[in-house]
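*Asks:*
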Amino acid sequence: SGDYEVHDEL
Amino acid sequence: MNVFRLVGDLSHLLAIIMLLKKIWSSRSCAGISGKSQLLFALVFTTRYLDLFTSFISVYNTSMKVIYILCAYATVYLIYVKFKATYDHNHDTFRAEFLVVPVGGLAFLVNHDFTPLEILWTFSIYLESVAIMPQLFMISKTGEAESITSHYLFCLGGYRALYIINWLYRFYSEGFFDLIAIVAGCVQTILYCDFFYLYITKVIYGQKLSLPA
Chain A
686 SGDYEVHDEL
Chain B
5 MNVFRLVGDL
15 SHLLAIIMLL
25 KKIWSSRSCA
35 GISGKSQLLF
45 ALVFTTRYLD
55 LFTSFISVYN
65 TSMKVIYILC
75 AYATVYLIYV
85 KFKATYDHNH
95 DTFRAEFLVV
105 PVGGLAFLVN
115 HDFTPLEILW
125 TFSIYLESVA
135 IMPQLFMISK
145 TGEAESITSH
155 YLFCLGGYRA
165 LYIINWLYRF
175 YSEGFFDLIA
185 IVAGCVQTIL
195 YCDFFYLYIT
205 KVIYGQKLSL
215 PA
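First to last, the protein sequences are chains A and B.
Here the first sequence stands for residues 686 to 695, numbered as in the numbering used here.
Here the second sequence stands for residues 5 to 216, numbered as in the numbering used here.
1. State whether the segment 109-123 of chain B contacts the segment 137-145 of chain B, with contact taken as three or more CB pairs (one from each stretch) at a distance under 8 Å.
2. Compare the beta carbon distance of residue 172 of chain B and residue 8 of chain B with 8 Å and say whether it is the shorter of the two.
3. Considering only the beta carbon of each residue, do residue 124 of chain B and residue 51 of chain B sit closer than 8 Å?
4. If you draw a straight line from the alpha carbon of residue 22 of chain B to that of residue 151 of chain B, how long is it in whole angstroms?
5. Can you name the start and end residues of the alpha helix (DSSP H) that residue 4 of chain B belongs to?
6. Output the distance between the C-alpha atoms of residue 181 of chain B and residue 69 of chain B, rounded to the nearest integer angstrom.
7. For residue 30 of chain B, name the three-state secondary structure that DSSP assigns.
8. Spatial neighbours of residue 71 of chain B within its chain, please: CB distance less than 6 Å, with the 5 preceding and 5 following residues excluded, ordered by chain position.
9. Going along the chain, which residues of the segment 128-152 of chain B sit with their C-beta nearer than 8 Å to a C-beta in chain A?
10. Indicate the three-state DSSP secondary structure (helix, strand or coil) for residue 99 of chain B in the structure shown.
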């Protein structure tokens, strides 16, 4: 499952 | 951070700087789609609003700032400084046909119905199709200068490396972001035809021109 709180990719 | 993502980011950066340098040193933006560049500026602006809300790393922040500045510098060169060389007769792709549906989709399919998240989703969807005016322009004029081809190759390479990065992250961290992955795959597919032409023509020292 992804963590969508913070988008860490550019 | 893994090596695929890092090299992908650097490839993206190289593409952006290569384009800027080409326009600057030739004093011309002939063959470059101003619409694609405007869309990329919009992509970076809507995606990196989180510069104000979350800090990830010095690397992350500096890359975001550099991408935004370069995108606006490119738009400035095309629409202001070297406006006389802008090939608007061939840059006829209707950008609103991308922005409007993509905006609608961002409202409908997102991780979270908040303004920042909808804008992030919008930028992800828009990035996946933002190169279309440029590809359309090449298909209209039937050719691209080799430096424009290198630019597109680096952009496409960045997307392909991101797909490997997502595979890696899925297996190593269990991380996946379905919206980014689906949009990223769509974007990479758009480059496939171009990759084929690039490998068969540009690498062998020919100008990229489409078969008659």
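Here a beta-carbon is modelled for each residue, glycine too, at the ideal position from N, C-alpha and C.
*Replies:* A quick look at the data gives this:
1. no
2. yes
3. Cβ distance < 8 Å, so residue 124 of chain B and residue 51 of chain B count as in contact.
4. 8 Å
5. Residue numbering for chain B in the displayed model covers 5 to 216; residue 4 of chain B lies beyond these limits and cannot be assessed.
6. 23 Å
7. helix
8. 48
9. none
10. Residue state, collapsed to three classes: coil.
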